[in-house]
Amino acid sequence: MKDLTQLAAELGRRLQLLNAHVTTAESCTGGGIAEAITRIPGSSAWFEAGYVTYSNRQKTQQLNVPAELFGTVGAVSREVVEAMVRGAQKHSRARFAVAVSGIAGPDGGSPNKPVGTVWLAFGVGDALSSEVQHFPGNRDEVRRQTVKAALEGLLRLAAREIENQG
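Have a look at this one:
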């Protein structure tokens, strides 16, 4: 918990320097990223909104993820997390966004997407990036590593933005 709190506090510091807000779109973490962020006093100055869209239906309803993606590439995919980021940015108007979708286990894995597979997407304005991670451990460990990776990714983006403003 302590390291997640420190990461979130540093994210807040950087976003305040940028006068920017962040939004989260979460599936496998069930709101864990937003919880880590809102644990920081004063986070309302830089945290805009959190979307917990556990079901595919809610990903479509709340974040405008095209429903046909679930049948073609599945919920745990680059295409879905990138659409989640765009939807979260659109609805919240936050400049920074992160989205996660994964298989935390203990069930639900497949040979192509084993337990521990997590897709993360990051948005800053119009820029978009995504990555896949394969986290070891049980359900709680996979979820915690996902929250950490999301915060670290946002920190990297914020650091780049600060450098660019130089």
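In this text, residue positions in the sequence shown follow full-length UniProt numbering: the first is 1, and each later residue adds one. Glycine included, each C-beta is placed from N, C-alpha and C at the ideal position.
Among the residues of its own chain, which have a CB less than 8 angstroms from the CB of residue i, if the five just before and after it don't count?
i: L154; result: L11, V22, F96, V98, F122
i: S77; result: L69, S101, W119
i: R139; result: A104, G105, P106
i: K113; result: G74, V76, I103
Starting from the C-beta of residue i, find all residues in its chain whose C-beta is less than 6 angstroms away, skip the five residues before and the five after it, and write them out in chain order.
i: I40; result: A8, A9, G12
i: E131; result: L120
i: I33; result: T24, E26, V147, A150
i: S129; result: F122
To the nearest angstrom, how far is it from the Cα of residue i to the Cα of residue j?
i: P66; j: E163; result: 35 angstroms
i: R14; j: Q133; result: 25 angstroms
i: T60; j: H91; result: 13 angstroms
i: R156; j: D107; result: 32 angstroms
i: G50; j: E141; result: 21 angstroms
i: T53; j: G87; result: 11 angstroms
i: R144; j: Q165; result: 32 angstroms
i: F47; j: G125; result: 15 angstroms
i: V81; j: G71; result: 15 angstroms
i: N19; j: R160; result: 14 angstroms
On the CB-based measure, 16 or more other CB atoms within 10 Å of its CB, does residue i come out buried or exposed?
i: G30; result: exposed
i: L151; result: buried
i: L4; result: buried
i: A83; result: buried
i: K2; result: exposed
i: V73; result: exposed
i: residue 172; result: Outside the modelled stretch of the chain, which goes from 1 to 166, sits residue 172, for which no answer is possible.
i: A94; result: buried
i: A158; result: buried
Just curious, the beta strand (DSSP E) that residue i is in, first and last residue?
i: G30; result: G30 -> no beta strand (DSSP E), and no H or E assigned at all.
i: T23; result: 22-26
i: F96; result: 96-102
Looking only at its chain, what residues have a beta carbon closer than 7 angstroms to the beta carbon of residue i, apart from the 5 residues adjacent to it on each side?
i: L17; result: I162
What is the residue span of the alpha helix (DSSP H) that residue i lies within?
i: V142; result: 139-165
i: F70; result: 68-72
i: A8; result: 2-18
Which whole-angstrom value is the C-beta distance of residue i and residue j, which I expect to be below 8 angstroms?
i: G109; j: F135; result: Actually they do not touch by this definition, with Cβ atoms about 12 angstroms apart.
i: I37; j: S43; result: 5 angstroms
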